[in-house]
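In my numbering, the protein residues as written are 575 to 727.
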């Protein structure tokens, strides 16, 4: 008998572009950086941690390309899209040379405009985790839809 929990994360998955300054930065000029790119997003990051603990996890987000889907699957996460078309989105961060955040930038419009709430299926007996970067309207809708038959985390 499988005693693992059933988790569902709803929210962002996208490339994270991390730019770490090599030196102190100067305004109004080009600054040399070390660039790193990885798959990220709040919901993906939470789902990755849950999958690492060998718990059953499903991630619902706007559709992504096949390369990102393969990386999600490789981590043991079940992916379900909540729209049909693929929209480019990203998060970029600029870190100082000590690795401390100076600036974070995200194009959240993709998540606000392209979520098809009708594609999010009814669930029962799940532990549901919402990415709080989603709009208040979307979060309220999802809580009202799921709170009777699930545990909202």
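Virtual Cβ for every residue (Gly too), placed ideally from N, Cα, C.
Coil, strand or helix - residue i by DSSP
{"i": "residue 712", "result": "helix"}
{"i": "residue 664", "result": "coil"}
{"i": "residue 656", "result": "coil"}
{"i": "residue 603", "result": "coil"}
{"i": "residue 694", "result": "coil"}
{"i": "residue 639", "result": "coil"}
{"i": "residue 619", "result": "helix"}
Residue(s) in a DSSP beta bridge with residue i
{"i": "residue 609", "result": "593"}
{"i": "residue 583", "result": "633 and 703"}
{"i": "residue 588", "result": "614"}
{"i": "residue 669", "result": "594 and 675"}
{"i": "residue 726", "result": "702"}
{"i": "residue 680", "result": "665"}
Whole-angstrom distance between residue j and residue i, CA atom to CA atom
{"i": "residue 595", "j": "residue 699", "result": "46 Å"}
{"i": "residue 628", "j": "residue 648", "result": "13 Å"}
{"i": "residue 644", "j": "residue 603", "result": "38 Å"}
{"i": "residue 724", "j": "residue 584", "result": "14 Å"}
{"i": "residue 657", "j": "residue 637", "result": "6 Å"}
{"i": "residue 589", "j": "residue 654", "result": "17 Å"}
{"i": "residue 650", "j": "residue 718", "result": "29 Å"}
{"i": "residue 600", "j": "residue 665", "result": "22 Å"}
{"i": "residue 679", "j": "residue 614", "result": "13 Å"}
{"i": "residue 663", "j": "residue 579", "result": "30 Å"}
{"i": "residue 696", "j": "residue 608", "result": "44 Å"}
For residue j and residue i, believed in contact at Cβ under 8 Å, the rounded distance
{"i": "residue 642", "j": "residue 587", "result": "7 Å"}
{"i": "residue 592", "j": "residue 619", "result": "Actually they do not touch by this definition, with Cβ atoms about 13 Å apart."}
{"i": "residue 597", "j": "residue 671", "result": "6 Å"}
{"i": "residue 676", "j": "residue 712", "result": "Not quite, the Cβ-Cβ distance comes to about 29 Å (not below 8 Å), so this is no contact."}
Close Cβ partners of residue i (< 7 Å) along its chain, the five nearest in sequence each way excluded
{"i": "residue 548", "result": "There is simply no residue 548 to check, as the chain begins at 575 and stops at 727 in what is shown."}
{"i": "residue 624", "result": "581 and 631"}
{"i": "residue 621", "result": "583, 631, 633 and 651"}
Residues of its chain near residue i, where Cβ-Cβ distance is below 6 Å and the 5 sequence neighbours each way are ignored
{"i": "residue 702", "result": "582, 720, 724 and 726"}
{"i": "residue 646", "result": "653"}
{"i": "residue 605", "result": "595 and 599"}
Own chain, CB closer than 8 Å to residue i, minus 5 neighbours either side, in chain order
{"i": "residue 715", "result": "691"}
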